[in-house]
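Enquirer:
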Amino acid sequence: MATPPKDITERQQMLLEKIADRVVKYRMAMPAILFLESVRPLNYVGSQAMVFFAPVVHSLFSAREYDEIQEALEHRETISYFIDMLEEKENEAVMREKAEKAARRAAKPKPSLKNMFRRNRGDNV
């Protein structure tokens, strides 16, 4: 797992993980990574924009969590850490999905030649 930057707290790390889980759940990891990579040089400006929009957002979300995420994003290393976290969680989700698909495929009965060419005579034996 990616090592967290020394500037973020455990609570901020937990919040970033919560966001990453939700992003992966909605299958938006790749667009999120692309966006984060493109705005990485502007992370401090983005965190200050979060301060500007805080009064509006506080009416919709928990003020404490929003403020902690804003503080974490002030540090440049946090974006890299969050991107690494997203990639790891996405890879885990893909591997889990492949394993589930393989298990379903293995549990499915294989058709025999007799059943493949049998005409439907009305008896479902």
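Mapping the sequence shown onto the working numbering, position 38 (from 1) lands on 49, and the numbers just tick up by one. By construction, the Cβ of each residue, glycine as well, lies at the ideal position given by its N, Cα and C atoms.
Can you tell me the Cβ-Cβ gap for GLU85 and SER58, rounded? I've got them flagged as a contact below 8 Å.
Expert: Correct: roughly 5 Å between the Cβ atoms.
Enquirer: When the Cα of LEU45 is compared with those of ALA65, LYS119, PHE72 and LEU97, which residue comes out closest?
Expert: Comparing Cα positions, the closest option is LEU97.
Enquirer: Between ASP32 and the rest of its own chain, which residues show a CB-CB distance below 8 Å, the 5 nearest in sequence each way excluded?
Expert: Cβ within range, chain order: LYS100.
Enquirer: Whole angstroms are fine: how far does the CA of THR20 sit from the CA of ALA74?
Expert: Roughly 17 Å between the two C-alpha positions.
Enquirer: Check whether the region 13-28 touches the region 80-95, counting contact only when three or more Cβ pairs, one atom from each stretch, lie closer than 8 Å.
Expert: Yes: the two stretches touch, three or more of their Cβ pairs being nearer than 8 Å.
Enquirer: Please report the residue range of the alpha helix (DSSP H) in which LYS109 lies.
Expert: Counting along the chain, the alpha helix (DSSP H) containing LYS109 begins and ends at 87-118.
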